[in-house]
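If you number the sequence shown the way my numbering does, the last residue is 419 and the count never jumps. Here a beta-carbon is modelled for each residue, glycine too, at the ideal position from N, C-alpha and C. Computed from a prediction, not measured in an experiment: that's the story for all the values here. Below you'll find the structure, written out as structure tokens, and then a few comments.
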Amino acid sequence: MSRIFVKKSIAELPYSGIRKFFDLASGMTGVISLGVGEPDFVTPWHIREAGVYSLEKGYTNYTSNCGLEGLRREISRYLYERFQLKYDYSREIIVTVGASEAIDIALRCVLEPGDEVIIPEPCFVSYKPCTIMAGGVPKIISTKETDHFKLMPGDLEKAVTPRSKVLLLSYPNNPTGAVMTAQELQAVAEVVEKYDLLVIADEIYSELTYDGEHVSFASLPGMRERTVLINGFSKSFAMTGWRIGYAAAPEEIAAAMLKIHQYTIMCAPIMGQMAAIEALKNGEAEIKRMAGQYDQRRHLIVNGLNQIGLSCFEPKGAFYAFPSIKSTGMSSQEFCAKLLREEKVAVVPGDAFGQCGEGYIRCSYAASVEQITEALVRMEKFVARHAKKPKTMYAVR
């Protein structure tokens, strides 16, 4: 076959760096995985029960393209009570198949060929590929550990060109756990307004903020009308497999997103939507319980990583630590491959989240205390063998 049928831009896209190590680990025995960003909690029973009940009652049909009215009403209520944001459930909220679909259709509905999307890195692995698949051009800003991986307004202003259209913002951040305060976000908002940018704000980790309250970008003065707010149920309610997310946006943008969603997806699964209604109505206590557990694990893993010689700044949100592995002299890819092979601990190389992630690894603490503790013991042995200087032993047993 001489003709090449696959589109060049798609053929050149790399596979996910997260999945690469997850797939390797799944084929080995005795591996402790700190790789995939998935809660180790089972979806709370009362939420699962709502899904079961929907099946028992025969709710197996399509819903409205934009989602069940009851769920959109609950999302509207939640956004108002939690962030003082007012969205019309009938015209400005779309229920999607996870937050990932919401990001995809948001980009596809606003980008003309060649439009630039400003993406602060390190960031979630899908942002750059989704931009390319939508016909846009990724414009990368490298954030720095010295700034706690926050987006600096000066760096944003330098990145803007006449083709800049979208800023893709994600705080709390995956993979670094960075969080931005209201004052810091306001400085970014001033640049956004100055250059007439649209912001796609991925706030999937909004309920996992440990020091202070999460500030939704759309809640800042003048930002609601130039923000597409993305959120969902995967992280806060431990509902990854249910695949329920949502977008809240000004009516014109929401209507355009709905067209793409309508023709490509139809609707999110009704059973998941029914469960999501229950989650929003009665799940607040479960959110706080799980967030409290993550907070304990956050301290455990960050203290442990620092003690074994992998310097790690304190993440303020999400459930990831992003330690430096530069003391070992290895690249991120080499470190992760050797750690998996020698000690059977799976973590993700930092460069999977952008080139400025080189020299770091992502460790998820959405794992049990026992697993984190054992992983630190194994990593201590590994670092002791490979570090350029002897390190203090991490006594956890």
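Check	Outcome
Provide the residue(s) that pair with residue 62 in DSSP beta bridges, ordered along the chain.	Residue 62 is not bridged to any residue.
Is the distance from the Cβ of residue 387 to the Cβ of residue 320 below 8 Å?	yes
With DSSP as the reference, label residue 342 as helix, strand or coil.	strand
Would the segment 104–123 count as touching the segment 223–241 if we require 3 or more Cβ pairs under 8 Å?	yes
Does the segment 145–152 touch the segment 85–103, meaning 3 or more C-beta pairs lie closer than 8 Å?	no
Which residues share a DSSP beta bridge with residue 220?	188
Might you give, ordered along the chain, the residues of its own chain that have their beta carbon closer than 6 Å to the beta carbon of residue 408, omitting 5 neighbours on each side?	350
Would you check if the distance between the CB atom of residue 120 and the CB atom of residue 254 is smaller than 8 Å?	yes
Pop quiz: residue 379 and residue 347 are said to be a contact at Cβ under 8 Å. What is the actual Cβ separation, rounded to whole angstroms?	With a Cβ gap of about 11 Å, residue 379 and residue 347 do not count as contacting.
May I ask you to report which of helix, strand or coil DSSP gives residue 229?	coil
Report yes or no: do the segment 292–300 and the segment 262–278 share at least 3 C-beta pairs separated by less than 8 Å?	yes
Using CA coordinates, which residue listed in 364, 394, 402, 113 is at the minimum distance from residue 51?	364
DSSP on residue 150, reduced to helix/strand/coil?	helix
Quick check: residue 252 and residue 323, are their CB atoms within less than 8 Å of each other?	no
For residue 347, which of helix, strand or coil comes out of DSSP?	coil
For residue 132, report the span of its alpha helix (DSSP H) as first-last.	120–132
Could you check if residue 54 is buried or exposed, using at least 16 other CB atoms within 10 Å of its CB as the buried criterion?	buried
Ordered along the chain, which non-local residues of its own chain (more than five positions away) have a Cβ less than 6 Å from that of residue 158?	133, 137, 139
Pairing CB atoms from the segment 64–71 with CB atoms from the segment 187–194, are three or more of them under 8 Å?	no
For residue 213, which of helix, strand or coil comes out of DSSP?	helix
Please look up how many angstroms separate the CB atoms of residue 242 and residue 208, rounded, as I've assumed it's under 8 Å.	6 Å
Pick helix, strand or coil for residue 175, following the three-state DSSP scheme.	helix
Going by the beta-carbon positions, is the gap between residue 277 and residue 249 smaller than 8 Å?	no
For the alpha helix (DSSP H) holding residue 328, just list the boundary residues, first then last.	306–329
Quick one: residues in its chain with C-beta nearer than 7 Å to the C-beta of residue 213, no 5 flanking neighbours on either side, listed in chain order?	175, 178, 179
Are residue 405 and residue 331 closer than 8 Å when you measure CB to CB?	yes
With respect to the alpha helix (DSSP H) encompassing residue 251, which residues constitute its N-terminal and C-terminal limits?	No alpha helix (DSSP H) contains residue 251, which is instead part of the beta strand (DSSP E) from 249–254.
Between residue 189 and the ligand ADP, is there a pair consisting of the residue's CB and a ligand heavy atom that are separated by less than 7 Å?	What this structure holds is no ligand at all, so the ligand ADP is not there to describe.
I need the DSSP call for residue 117, collapsed to helix, strand or coil.	strand
Quick check on this structure: which residue in 385, 396, 183 has the alpha carbon closest to the alpha carbon of residue 59?	385
If you measure between the beta carbons of residue 285 and residue 116, is that distance less than 8 Å?	no
Rounded to the nearest angstrom, what separates residue 412 and residue 341 at their Cα positions?	Confidence at residue 412 is low in this model, with a pLDDT of 48, below 50, so the placement of that residue should be treated as unreliable; the coordinate-derived value is given next. Using only the alpha carbons, I get a separation of about 29 Å.
Tell me the DSSP secondary structure of residue 417 in three-state form.	Low confidence applies here, because residue 417 scores a pLDDT of 49, under 50, leaving its location unreliable and the question unanswered by this model.
Using only alpha-carbon positions, find the residue among 109, 49, 33, 25 that is nearest to residue 366.	49
Going by the beta-carbon positions, is the gap between residue 375 and residue 145 smaller than 8 Å?	yes
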